[in-house]
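According to mature numbering (1 follows the signal peptide of the UniProt record, and there is no 0), the stretch in the sequence shown is residues -18 to -1, 1 to 441, in order.
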Amino acid sequence: MSLPHFFIFFFCVSLCVSSSFSALLAPITKDHTTRQYTLSVYLKTPLQPTKLVLDLGASFSWVDCTQNYTSTTYHSIPCSSSLCNAIASLACSNCFNPPGPGCANDSCAMFSENSVTRKAIIAEALVDSLALPTTDGRNPGRLGLIPEFVFSCSKTSLLKGLAKGVTGLGGLGRSNFSIPAQVSKAFSSPYLFALCLSGSPSAPGVAFFNSDGPYYFLPEIDLSKSLVYTPLLLNPVGNTIITYYLHPSDEYFIGVTSIKVNGNNVPINQTIMTIDQNGFGGTKISTVVPYTVLQTPIYKAFTEAFVNESAALNLTVTKPVIGVCYNADDVSSTLVGPAVPTVDLPFGVCYNADDVSSTLVGPAVPTVDLVMQSDDVFWRIFGSNSMVRIVRKGVDLWCLGFVDGGANPRTAIVIGGHQMEDNLLQFDLGLKRLGFSSSVLLHRTTCSNFNFTTNNNLK
């Protein structure tokens, strides 16, 4: 079932909601112009389909309330309330316009942040109804209601730089007011969620909330059984635009200790692989960064190792495309030719596509292993996630989809969205661990293979 039909069906049955079923899900769609991922939820009363940019590390969600926000259940949060204290608000809001969403006196305020443009504004905190489809791990069912969902009531200006059609940002960070935290509290369920991002231009991936499995993908494959686990690490210093004293980061960090290319270690300074007391170094996972970013010394050593291993496969580096180029997967056809987005892809290692053969897991190139706490715990990256297809003016290339992040970035390695696609990731905040599957293509499925056909018997 297509995503629009999925929305239409659930909108028609939005009155049939459940407050007892704990496992929920949400479709995730990739916007191929911005390379951002959008989360589809239901908000307000009556429930309305709402698209939010998915930000894995954001502390809370925000929605544009200035464009016809109409709901019968919203309310502001008084500044003196215990809920406002729990939010750790730094300010109270007063408004001299007619009362409405985002305009109330002596109300709790939050600093909404656009993590793409790095802009922030102060905006009123709001409470309203949120709903997500329930699931048995195989199909969606009735909507599960979170009647007291807390978010920030932001302004249209903060949408700049975000995917077309979104009305805000969905925060999945490790805070008490992220979407998974509030879903967990509403259903008294385990605080965990899983993501399976799809790179397909037509079929969505999926997020699961409050369930450690099963996660079934066609043809009847439970990917929860393929997970390997590594600890989630806490960065002691947050990296939000508005900083909070003694508040650790709400982003997700893991302990990558080394990188291997075709099983051979890449020489890396171990000092930058760990998080220091000021919050620098280490490895984090981000859905707002399109491709994995490596600190310059890591990038240089990694690309050199990759080129050397590729030479053994008779692959010769070609001159990289400079300036504006296009990802072939992002290009649709029009009457007058390709409908190309204008994007700059700063890839330094490329190969002629005709020289690269295909496999079940993408282009036949050297494997990349992100090694965790021991040599037998590693996230293996195959060609489907390490390489990006580039087409420009008759040139057809496979380019290594890793980016040079400069000599002194805050974080040594940032794992981006492309490397996460068709990989199942489970974030278990209760057990403080990340479960990862490596490429699900090995199981002859994809993240776009979740069956969104509705199970009417699922309560």
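Each residue gets a CB set at the ideal place from its N, CA and C atoms; glycine is no exception.
Within its own chain, the residues whose Cβ lies closer than 6 Å to the Cβ of T274, once the five positions on either side in sequence are excluded, are F384, I397, G398, Q401, listed in chain order. Sequence-distant Cβ neighbours of A163 in its own chain, meaning closer than 7 Å and more than five residues away, are S157, Y173.
Per DSSP, the unbroken alpha helix (DSSP H) holding N67 starts and ends at 64 to 69. Of the other Cβ atoms in all chains shown, fewer than 16 fall within 10 Å of the Cβ of E202; this residue is therefore exposed.
Around the beta carbon of Q252, fewer than 16 other beta carbons sit within 10 angstroms, so the residue counts as exposed. Residue burial is scored here from C-beta neighbours: N246 has fewer than 16 other C-beta atoms within 10 angstroms and is therefore classed as exposed. The C-beta distance from R120 to N433 rounds to 6 Å, short enough to meet the 8 Å contact threshold. Fully contained in the segment 173 to 202 are the following beta strand (DSSP E) runs of length 3 or more, in chain order: 174 to 178, 187 to 191. Cβ-Cβ distances below 7 Å link S430 to S180, S182, A185, P186, G187 in the same chain, with the five nearest sequence neighbours on each side left out; the list follows chain order. Just measuring C-alpha positions, the residue of N334, V347, G388, L108 sitting nearest R374 is N334. Segment contact: the segment 85 to 101 against the segment 144 to 160, three or more CB-CB distances shorter than 8 Å; contact assigned.
When secondary structure is reduced to three states using DSSP, F360 falls in the strand class. Considered as a whole, the segment 331 to 356 harbours 332 to 334, 350 to 353 as its complete beta strand (DSSP E) runs of no fewer than 3 residues, in chain order. Fewer than three pairs of CB atoms, one per stretch, sit closer than 8 Å, so the segment 204 to 211 makes no contact with the segment 13 to 26. For P9, the enclosing beta strand (DSSP E) begins and ends at 6 to 13. Residue nearest to L406 within the set N79, I103, Y197, K282 is Y197 (criterion: CA-CA distance).
With a contact defined as Cβ atoms closer than 8 Å, F175 and F159 miss out at about 15 Å. The distance from the Cβ of T55 to that of D110 is about 6 Å, consistent with a contact at the 8 Å cut-off.
Secondary structure of V271 (DSSP, three-state): coil.
Around K414, the same chain offers P213, L214 as residues with beta carbons nearer than 7 Å, after the five sequence neighbours per side are excluded. Beta-bridge analysis with DSSP links S419 to no other residue. Within the same chain, T300, V303, C332, Y333, N334, A335, I372 come within 7 Å of L379 by CB-CB distance, once the 5 residues on both sides are set aside. Within the same chain, Cβ atoms closer than 7 Å to the Cβ of S166 are found at P172, Y173, N192, the five residues on either side in sequence being excluded. Under DSSP, G261 takes part in no beta bridge, so it has no partner.
Fewer than three pairs of CB atoms, one per stretch, sit closer than 8 Å, so the segment 138 to 147 makes no contact with the segment 71 to 87. Within the segment 201 to 243, the runs of beta strand (DSSP E) that reach at least 3 residues and sit entirely inside it are, in chain order, 210 to 215, 234 to 236, 240 to 243.
For F384, the beta-bridge partners assigned by DSSP are T274. Annotation for V271: V396, G398 place their beta carbon closer than 6 Å to its own, counting only its chain and skipping 5 residues before and after.
Looking at the DSSP output, A113 bridges to Y24, L127. For M369, there is no enclosing alpha helix (DSSP H); the residue is part of the beta strand (DSSP E) that begins and ends at 369 to 374. Taking all protein chains shown into account, Q259 has fewer than 16 neighbouring C-beta atoms within 10 Å of its C-beta and is therefore exposed.
With fewer than 16 other Cβ atoms from the protein chains shown falling within 10 Å of its own Cβ, N290 counts as exposed.
For S75, the enclosing beta strand (DSSP E) stretches over residues 73 to 75. The three-state reading of DSSP puts Y19 in strand, counting E and B together.
Scanning its chain for C-beta atoms nearer than 8 Å, with the 5 sequence neighbours on each side dropped, one finds around A40 the residues E95, S97, L151, G152, G153, L154, G155, S160, D232, in chain order.
Here V347 is not near L424, since their CB atoms are 9 Å or more apart.
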